[in-house]
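Comments concern the structure below.
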Amino acid sequence: MTAQRQASVEGFRTPDADVVEELRSRVTGDLLDVVVDLDSGRGCRVRDLRDGTEYLDMTMYFSSAPLGHGHPGLHTSEFEAELVRAARTKPANPDFATVQQARFVETLRRVFGDPQLPRLFLIEGGGPAVENALKVAFDWKTKHNARRGVAVRGSRALHLEWAFHGRTGYTMSLTNTDPRKIRDYPKFDWPRVPSPAVPPGEDWEAAELLPAERAAVRAAEAALDRYGDEIACFVYEPVQGEGGDRHLRPAFLREMQRICREHDVLTVADEVQSGGGITGRPWAHQALGLEPDLLAFGKRLQVCGVMGGRKVEEIEDNAFLEPSRISSTWGGSLVDMVRATRILEVVESEELLDNAARMGELLLSELHGLEAEYPGVISAARGRGLMAAVDFPDGALRDRAVELAREHHRTIFLPSGPRSLRWRPALSVRSDELTDAVVALRKTLAELS
Numbered sequence: 093m094t095a096q097r098q099a100s101v102e103g104f105r106t107p108d109a110d111v112v113e114e115l116r117s118r119v120t121g122d123l124l125d126v127v128v129d130l131d132s133g134r135g136c137r138v139r140d141l142r143d144g145t146e147y148l149d150m151t152m153y154f155s156s157a158p159l160g161h162g163h164p165g166l167h168t169s170e171f172e173a174e175l176v177r178a179a180r181t182k183p184a185n186p187d188f189a190t191v192q193q194a195r196f197v198e199t200l201r202r203v204f205g206d207p208q209l210p211r212l213f214l215i216e217g218g219g220p221a222v223e224n225a226l227k228v229a230f231d232w233k234t235k236h237n238a239r240r241g242v243a244v245r246g247s248r249a250l251h252l253e254w255a256f257h258g259r260t261g262y263t264m265s266l267t268n269t270d271p272r273k274i275r276d277y278p279k280f281d282w283p284r285v286p287s288p289a290v291p292p293g294e295d296w297e298a299a300e301l302l303p304a305e306r307a308a309v310r311a312a313e314a315a316l317d318r319y320g321d322e323i324a325c326f327v328y329e330p331v332q333g334e335g336g337d338r339h340l341r342p343a344f345l346r347e348m349q350r351i352c353r354e355h356d357v358l359t360v361a362d363e364v365q366s367g368g369g370i371t372g373r374p375w376a377h378q379a380l381g382l383e384p385d386l387l388a389f390g391k392r393l394q395v396c397g398v399m400g401g402r403k404v405e406e407i408e409d410n411a412f413l414e415p416s417r418i419s420s421t422w423g424g425s426l427v428d429m430v431r432a433t434r435i436l437e438v439v440e441s442e443e444l445l446d447n448a449a450r451m452g453e454l455l456l457s458e459l460h461g462l463e464a465e466y467p468g469v470i471s472a473a474r475g476r477g478l479m480a481a482v483d484f485p486d487g488a489l490r491d492r493a494v495e496l497a498r499e500h501h502r503t504i505f506l507p508s509g510p511r512s513l514r515w516r517p518a519l520s521v522r523s524d525e526l527t528d529a530v531v532a533l534r535k536t537l538a539e540l541s
């Protein structure tokens, strides 16, 4: 890479900044035709380094940038000095203590912690986070069985249709959204039950199970009867993000939690996508009245990992406590921990969870308005906080909408599931940014219709 390309931006550079084709030819990925200007972004707006084109970003790097672009809280001299200090080397965090890691752990516990989930394991990547939650569950169930005189390994994970839990070894046996992500890779035959999604609305708080939910519970009970002590855990996403923003009702997930407890099966909340404040709560499961034994997190938290407690603590030598039972070389990046600490401080001081809840109400109201304006083009506007989506009649029309919004109206959206368009703005999003994005989508829908 040339010195000119590395230099800080003075105006906008072409052609040296035009690196999209270069990267496409050498690195596997799905690059947009945008070169991010890391120095000039602001809020939900990001600029193309090549020509200065400004885009309204409703994706936030797949919902991993909770403060958006260019937040002043991440541009202080003190913070930048701490980043450099942490970046000079990459410590093996599970084995070598640093003040920076201790600060991160304390801040995470204060802002997003749960006293009932006191154990913490850190790693890089959301898939590995879920993977290690599964390992904790398998270890727990096998030891639990042994203490009851049952010589059976806890080696199966009950899970839902339309789930996305990662692309790693164990998690591929759970993921069942886009076939391209798992096709022809060896997988385990673990019990899978229907996912009775219901958009938040009129029936959301009903205590009685809906027919589809009763069928899913019966399928789960049949799996528990068939596999018995082999089933170690039930893994669920409170909102199935990659599957198409599919919402699961409190009554259904509480019933699943109840039968899991009856059978000594751990519950694992995969909150890699739904956690970190986007629903207006630290974790999406909290608003559903759930009490998971394990919680996998990542994305907005910058650092990925697993929180554990409740039934896990019934085994004194559980995998969190037995040396070398779960580990990795780095245990997360120290640079990410420094950034995460500062982000959590800003989320706390600027009350961004409250902002996510308020702005989410505004967004959903606007989406319902668009749904009424274009009933043949979009439907099923839904959301909790800023985790929102609409459906199109088919995937082709949805993909065309994403393309038109970016090319004609300089607004970036992401697809979700077979035919949904998802919204993932920053927790710090302002009302004018949401309004501008809705205007862009309205213009896009007008072109499509």
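In this note's numbering, the protein residues as written are 93 to 541. Ideal placement from N, C-alpha and C gives every residue a C-beta, glycine not left out.
Tell me the DSSP secondary structure of TYR466 in three-state form. Coil at TYR466, not helix or strand.
Under 6 Å Cβ to Cβ from LEU214, same chain only, skipping five residues before and after it: list those, please. Closer than 6 Å at Cβ, skipping near neighbours: VAL395, GLY397, GLY423, GLY424.
Where do the ends of the beta strand (DSSP E) carrying TRP232 lie? Here TRP232 belongs to no beta strand (DSSP E); instead the alpha helix (DSSP H) covers 218-239.
From the DSSP output, read off the bridge partner residues of ILE370. ILE370 pairs with nothing; no bridge assigned.
Taking all protein chains shown into account, do 16 or more other C-beta atoms lie within 10 angstroms of the C-beta of HIS339, making it buried, or fewer, making it exposed? Sixteen is the threshold: when 16 or more other Cβ atoms of the shown chains lie within 10 Å of the Cβ of HIS339, as they do, the residue is buried.
Let me know the alpha helix (DSSP H) ranges lying completely inside the region 265-339, each 4 residues or longer, listed in chain order. Fully enclosed alpha helix (DSSP H) runs of 4 or longer: 303-319.
Quick one: what does DSSP say PHE171 is sitting in, helix, strand or coil? DSSP places PHE171 in helix when its eight states are reduced to three.
Please report the distance separating the alpha-carbon of LEU526 from that of VAL357. LEU526 and VAL357: Cα-Cα distance of roughly 42 Å.
Quick one: grab the DSSP three-state call for ARG259. In the structure shown, ARG259 sits in coil (DSSP, three-state: anything other than H, G, I, E or B).
Which residues mark the beginning and the end of the beta strand (DSSP E) in which MET479 is found? For MET479, the enclosing beta strand (DSSP E) covers residues 479-483.
State the CB to CB distance for the pair THR267 and GLY258, rounded to an integer number of angstroms; the pair is presumed to be in contact (CB under 8 Å). The Cβ separation is near 6 Å, so the contact holds.
Report yes if the CB atom of VAL427 is closer than 9 Å to the CB atom of ALA157, and no otherwise. Against a cut-off of 9 Å, the Cβ pair of ALA157 and VAL427 comes out as no contact.
Following the continuous beta strand (DSSP E) through ASP528, name the residue where it begins and the one where it ends. For ASP528, there is no enclosing beta strand (DSSP E); the enclosing alpha helix (DSSP H) covers residues 523-540.
In or out: TYR153 buried (at least 16 other Cβ within 10 Å) or exposed? Result: exposed.
Compare the Cα-Cα distances from THR274 to each of PHE256, VAL364, ARG514 and report the closest residue. Checking the sequence, you will find Ile at residue 274 rather than Thr. When each option's Cα is compared against that of ILE274, the closest is PHE256.
Selection from GLU322, ASP295, ILE323 that minimises the alpha carbon distance to PHE344: Answer by Cα proximity: ASP295.
Relative to the C-alpha of GLY335, which residue among ARG511, VAL521, ASP140 is closest? Of the candidates ARG511, VAL521, ASP140, the one whose C-alpha sits nearest the C-alpha of GLY335 is ARG511.
Host alpha helix (DSSP H) of LEU496 (start-end): 487-501 is the span of the alpha helix (DSSP H), which, as asked, contains LEU496.
At which residues does the beta strand (DSSP E) containing ASP362 begin and terminate? ASP362 -> beta strand (DSSP E) spans 358-362.
Apart from the five residues just before and just after ARG502, which ones in its own chain have a Cβ nearer than 8 Å to its Cβ? Listed in chain order, the non-local C-beta contacts of ARG502 below 8 Å within the same chain comprise THR145, GLU146, TYR147, LEU148, ALA532, local neighbours out to five positions each way being set aside.
Who are the near neighbours of SER287 in its chain, counting only those whose CB is closer than 8 Å to its CB and skipping five residues on each side? Excluding sequence positions up to five before and after SER287, its CB lies within less than 8 Å of the CB of LEU252, GLU253, TRP254, ALA255, ALA308, GLN332, GLY335, ARG338, LEU340, all in the same chain and listed in chain order.
Checking 9 Å against the spacing of the C-beta atoms, do LYS535 and ILE407 come in under that value? Cβ distance not < 9 Å, so LYS535 and ILE407 don't count as in contact.
Rounded C-alpha distance that separates TRP375 from GLY369: Linking TRP375 to GLY369 through their CA atoms gives a straight-line distance of about 6 Å.
What are the residues that DSSP puts in a beta bridge with PHE505? For PHE505, which the question treats as bridged, DSSP gives no partner whatsoever.
Work out the CA separation of GLY162 and LEU141 for me, nearest whole Å. Those two C-alpha atoms are separated by around 14 Å.
Report buried or exposed for SER155, applying the criterion of at least 16 other Cβ atoms within 10 angstroms of its Cβ. By the 10 Å Cβ count, SER155 comes out buried.
Near GLU363, which residues of its chain fall below 8 Å by C-beta distance, leaving aside the five closest residues on each side in sequence? Excluding residues within five positions, the ones whose Cβ falls inside 8 Å are GLU329, PRO330, TRP375, ALA376, HIS377, LEU387, ALA388, PHE389.
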